[in-house]
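Comments concern the structure below.
2 protein chains.
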Amino acid sequence: MEFHYPNGRKYGRPSSSSHFKNEAMKKHSYSNRGMTLEEDLNVTNEYYREQGIAIIHKKPTPVQIVQVHYPKRSAAVITEAYFKQPSTTDYNGVYKGKYIDFEAKETQSETSFPLRNFHEHQISHIEQVLKHGGISFVIIRFKSSDELYLLEGCHLLSFWARMVDGGRKSISKKELNQKGHLIPLQLAPRIDYLRIVDELYFS
Amino acid sequence: MEFHYPNGRKYGRPSSSSHFKNEAMKKHSYSNRGMTLEEDLNVTNEYYREQGIAIIHKKPTPVQIVQVHYPKRSAAVITEAYFKQPSTTDYNGVYKGKYIDFEAKETQSETSFPLRNFHEHQISHIEQVLKHGGISFVIIRFKSSDELYLLEGCHLLSFWARMVDGGRKSISKKELNQKGHLIPLQLAPRIDYLRIVDELYFS
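Just so you know, the protein sequences line up as chains X and U, in that order.
Under this note's numbering, residues 427 to 629 are what the first sequence spells out, in order.
Under this note's numbering, residues 427 to 629 are what the second sequence spells out, in order.
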């Protein structure tokens, strides 16, 4: 089945490969601090696990394995595989008994966050998670200013619905300041998003 | 870092590759019904999602990507990658607001379930999930009889501890009948494990 994003971009394998290229480039452009958002979140989640605060993991990158070679006496080698479109968000786990689920995205833009960064799959996954009583949000990073926002899933869904209705295709920074929550960067944990989750859901 | 299972088997890449080989063989030996346990669970989880009952997904197989080729005008091809040891269990999601987490395993044995089917990583993950108030269990399938059991994480941890203390390296079928719960196979959903979760946690 082939379908398109609201912006007309094709949905599927080529898109995920270009996503991967962007990921690769990201690592370079982010070299001022030497860490990608993904790495920062991995370190943060490791800290949460080690401190007994929460069990949250990044899901592995989904890959369609086509060919595997089994050399004698050494590890199996995957010799042909393709990137698949993820059907969920990237991070999930458990915090204080509750299901936690989120996605992390970066943008080069200085003034707004383009909604095309999300796949339709992910939006409907977020919708489902909320319906089933899970905690859902996205972490958005502005590369130029290194500002990080936590935006609750319900607000993301409203902005998405506005776009589908013909409205703007991005979330302005002003809107993020109103509906989202700035996450301060610190030493340990790097991105303490659970502090905001605490304020929003456990206080 | 290299370490060994209690049974002396090496832990790491070669072990995960042989795991994959077993997975491949499994698909053939299970051909009487034409479905593997994994496929049955995927169909079950799809049913749960479509019926609005729960949002549970299998995590992608973790793969270490070494080389990617980007042909012009077509999808990126992964040309070298290796299987990685999973650091968590395979399935997780949200049910009635609670975090659900489980692993599914099959055995050829007719009389007991060998504990070496689990990785130490998975055991400590199960322990952590329980500590954080999540629902954790394993689904065990006896291939010969096509019997399926749901065993709660706490019981699996006891059996594991007994082995570490020098006791038996498997769970006998009698023990599974006492501590576990038989899951009847049916048409839709195939493996209705949430019915047992309901009895255990929501009644």
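Where is the CB? At the ideal position from N, CA and C, for every residue including glycine.
For clarity, every value in this text was computed on a predicted model and none was experimentally measured.
So is residue i buried or exposed if we call it buried at 16+ other beta carbons inside 10 Å?
{"i": "U:F628", "result": "exposed"}
{"i": "X:T537", "result": "exposed"}
{"i": "X:E630", "result": "No information on residue 630 of chain X is available, as it lies outside the stretch 427 to 629 that chain X covers here."}
{"i": "U:L626", "result": "exposed"}
{"i": "U:I609", "result": "buried"}
{"i": "U:I594", "result": "For the record, residue 594 of chain U in the displayed sequence is Arg; it is not Ile. It is exposed - the Cβ of U:R594 has fewer than 16 other Cβ atoms within 10 Å."}
{"i": "U:K524", "result": "buried"}
{"i": "X:V489", "result": "buried"}
{"i": "U:L613", "result": "exposed"}
{"i": "U:G478", "result": "exposed"}
{"i": "X:G559", "result": "exposed"}
{"i": "X:D572", "result": "exposed"}
Do you know offhand how far residue i's Cα is from residue j's?
{"i": "U:R499", "j": "X:F509", "result": "15 Å"}
{"i": "U:T515", "j": "U:C580", "result": "15 Å"}
{"i": "U:Q534", "j": "U:I566", "result": "11 Å"}
{"i": "X:Q554", "j": "U:E601", "result": "37 Å"}
{"i": "X:G546", "j": "U:L582", "result": "The sequence given here has Glu at residue 546 of chain X, not Gly. Looking at the two C-alpha atoms, the distance is approximately 38 Å."}
{"i": "U:I597", "j": "X:K599", "result": "57 Å"}
{"i": "U:P615", "j": "U:D624", "result": "15 Å"}
{"i": "X:Y540", "j": "X:V590", "result": "Before going on, a small fix: residue 540 of chain X reads as Pro here, not Tyr. Their Cα atoms are separated by approximately 13 Å."}
{"i": "U:L463", "j": "U:K522", "result": "25 Å"}
{"i": "X:E532", "j": "X:W586", "result": "17 Å"}
{"i": "U:N471", "j": "X:L467", "result": "28 Å"}
{"i": "X:S513", "j": "U:R588", "result": "39 Å"}
{"i": "U:D618", "j": "U:L574", "result": "11 Å"}
{"i": "U:I622", "j": "U:R542", "result": "25 Å"}
{"i": "X:P486", "j": "X:A507", "result": "14 Å"}
{"i": "U:F568", "j": "U:S550", "result": "24 Å"}
{"i": "X:V469", "j": "X:L611", "result": "13 Å"}
{"i": "U:M461", "j": "X:M461", "result": "43 Å"}
{"i": "X:E465", "j": "U:G592", "result": "40 Å"}
Flag residue i as yes if its beta-carbon sits less than 8 Å from any beta-carbon of chain U, otherwise no.
{"i": "X:S513", "result": "yes"}
{"i": "X:Q554", "result": "yes"}
{"i": "X:V633", "result": "Nothing can be reported for residue 633 of chain X, as the shown portion of chain X is limited to 427 through 629."}
{"i": "X:H558", "result": "yes"}
{"i": "X:I481", "result": "yes"}
{"i": "X:R475", "result": "yes"}
{"i": "X:Y627", "result": "no"}
{"i": "X:V520", "result": "yes"}
{"i": "X:K605", "result": "no"}
{"i": "X:V623", "result": "no"}
{"i": "X:V469", "result": "no"}
Determine, for residue i, whether the minimum Cβ-Cβ distance to residues of chain X falls below 8 Å.
{"i": "U:V590", "result": "no"}
{"i": "U:A614", "result": "no"}
{"i": "U:Y508", "result": "yes"}
{"i": "U:H430", "result": "Per-residue confidence for U:H430 stands at a pLDDT of 47, beneath the threshold of 50, marking its modelled position as unreliable; the derived number appears in the next sentence. Not an interface residue."}
{"i": "U:A530", "result": "no"}
{"i": "U:G579", "result": "no"}
{"i": "U:S455", "result": "Residue confidence is low: U:S455 scores 40 on pLDDT, short of 50, so the model does not pin down where it sits. Its coordinate-derived value is still stated next. Not closer than 8 Å to any Cβ of chain X, the Cβ of U:S455 fails to qualify, so no."}
{"i": "U:I504", "result": "yes"}
{"i": "U:K498", "result": "no"}
{"i": "U:E486", "result": "Looking at the sequence provided, one finds Pro at residue 486 of chain U rather than Glu. For U:P486, the answer is yes, since a Cβ of chain X falls inside 8 Å of its Cβ."}
{"i": "U:Y633", "result": "As displayed, chain U neither begins before 427 nor continues past 629, which places residue 633 of chain U out of reach and without an answer."}
{"i": "U:G593", "result": "no"}
Please work out which residues of its chain come closer than 8 Å, Cβ to Cβ, to residue i, disregarding the five sequence neighbours upstream and downstream, and give them in chain order.
{"i": "U:E529", "result": "T515, D516, Y517, F544, Q548, I552, V564, I565"}
{"i": "U:L646", "result": "Outside the displayed span of chain U (427 to 629) sits residue 646 of chain U, for which this structure offers no information."}
So, at 6 Å on beta carbons, what are the nonlocal neighbours of residue i in its own chain, with the 5 sequence-adjacent residues on each side left out?
{"i": "U:Y496", "result": "A502"}
{"i": "X:I504", "result": "I491, V494"}
{"i": "X:S570", "result": "E536"}
Considering only residues of the same chain and omitting the five flanking positions on each side of residue i, which have a CB-CB separation below 7 Å?
{"i": "X:L577", "result": "F563, V564, I566, L602, K605, G606"}
{"i": "U:G519", "result": "A480, I481, I482, H483, I526"}
{"i": "X:Y474", "result": "A480, I482, P615, L620"}
What runs of the alpha helix (DSSP H), each 4 residues or longer, lie entirely inside the segment 497 to 566 of chain X? 546 to 557
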